[in-house]
Amino acid sequence: MEIVNKPYAKAFEDFAKDKKEILCISADLDSSCEIDGFRDRYPHKFISMGMAEQNMMSFSGGLGLAGFRPFIHSFGVFTYRRPYDQLVASIAYPRRKARIMGFLPGITTPGGMTHQAIEDISVMRTLPNMTVLETGDATEVESICEVADSIDGPVYCRMLRGSVPRLFETPLQIGKLRTLSEGKDILVFTSGICTEEAIRARSALKKFGIAIKHIHVSTLKPINEELFLSLISEAKSGIISMENHLVNGGLGSIVSDIISKYGIGKKLIKLGLQDTYAHGGSKGYLSRYYNLDALALIKSIENLTNTKTNIQEVDLNEARIEDVHSLSKAEAL
């Protein structure tokens with residue numbers, strides 16, 4: 020598996036450097052959001068708002084009114100919890116073309132509750148006019164700027180940073196579902212970092228004769244309901260959703276809403292954070308602790324199929340575990 024170092028840094032610079040209407044907005048997290056290089060090379064297109072996210076949202080709304088398309092950079096949790104009123108009144112309601120790049124979604128940060136965006140999808144999905152996207156690999160990170168900037172209105176993007184695996188060959192597309200494996204036993208929907216965990220589990224499951232249809236979801240709003248419905252209707256033994264988010268309000272809720280709306284008699288298991296805040300720790304540790312890893316998926320499939328595989332960690336493809344500390348982010352944030 021190819022690992023790409025800081026795919027967003029290069030992708031954003033290549034995309035934004037020659038576009039006069041695009042400005043780079045920062046909330047004093049330049050290196051942590053991989054825009055420090057852009058700041059140094061294009062200072063006339065860079066605005067640092069300091070640790071003042073409420074003002075940043077109102078200011079960005081004003082930039083949108085003036086014809087600019089601001090790319091707002093911060094940790095995901097700081098783009099909606101702190102400045103919620105300004106986000107609604109200055110960006111979502113007037114449909115400003117603000118592109119909100121939210122880094123460190125869910126358990127991808129060891130920073131604990133204050134830094135972990137675990138309910139951001141549910142919040143952003145409920146805002147009228149807001150588009151919600153989530154990156155799952157380096158290719159989607161590299162293509163997110165162009166996709167987000169094509170939207171006539173505000174966009175919230177869950178971003179991966181640092182060393183990111185390349186899982187896909189084609190860029191992210193609005194509303195498109197990626198079919199990563201074919202199978203009729205179990206239908207599995209994944210998003211974000213959980214897609215890699217599902218990929219880890221697939222080859223081991225295949226040895227036991229269990230074939231899963233694996234679907235990667237990168238557009239969380241708007242939803243292509245017809246695509247979801249056709250996939251759900253064909254599921255034989257049941258459906259599993261797996262997400263780096265609370266099970267309420269995110270991908271699992273999208274699937275369950277469609278099941279209930281159309282009266283489909285299929286069992287659904289929602290893997291994700293179960294009505295809890297996560298504590299601090301590495302991504303690998305937290306994935307295991309909160310049942311967001313490949314083994315948790317395998318156990319759920321065993322429950323749906325009434326089988327016992329006895330698959331252990333050693334039977335799975337190798338996991339990509341990020342170091343908590345590095346030279347580029349020594350603060351671990």
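Residue numbers (this note's numbering): 20 to 352. Ideal Cβ positions, reconstructed from N, Cα and C, are used throughout, including at glycine.
Under the DSSP assignment, I330 falls outside any alpha helix (DSSP H); it carries neither an H nor an E label. Less than 8 Å divides the Cβ of F122 from the Cβ of S51. Only residues of its own chain outside the window of five on either side were considered, and among them F87, R88 have a CB closer than 6 Å to the CB of E40, listed in chain order. Boundaries of the alpha helix (DSSP H) harbouring V160: 157–168, taken from the DSSP string. From the listed residues L323, E138, C164, L84, the smallest Cα separation to S109 is found for L84. As the crow flies, the alpha-carbon of Y296 is around 11 Å from that of H134. Runs of the beta strand (DSSP E) lying entirely within the segment 97–124, each at least 3 residues long, are 118–122 in chain order. Assignment of beta-bridge partners to I22 by DSSP yields P184.
By the criterion of a C-beta distance shorter than 6 Å, S67 is surrounded in its chain by S45, once the five residues flanking it on both sides are discounted. Cβ-Cβ distances below 6 Å link I22 to S182, P184 in the same chain, with the five nearest sequence neighbours on each side left out; the list follows chain order. Using a Cβ distance threshold of 8 Å, L287 and S306 do not count as a contacting pair. For C52, DSSP assigns no beta-bridge partner whatsoever.
DSSP places G211 outside both helix and strand once states are collapsed to three, so it counts as coil. Using a 10 angstroms sphere on the CB of M70, the tally of other CB atoms stays under 16, which defines it as exposed.
Collapsing the DSSP output to three states places F65 in a strand.
Residue environment analysis places H233 among the buried positions, since at least 16 neighbouring C-beta atoms fall within 10 angstroms of its C-beta. Listed as beta-bridge partners of F90 by DSSP are C43, R118.
Each residue's CA atom was taken as its position, placing A136 and F97 some 8 Å apart. When the alpha-carbon of F78 is set against those of I218, K285, S93, A117, the nearest one is in A117.
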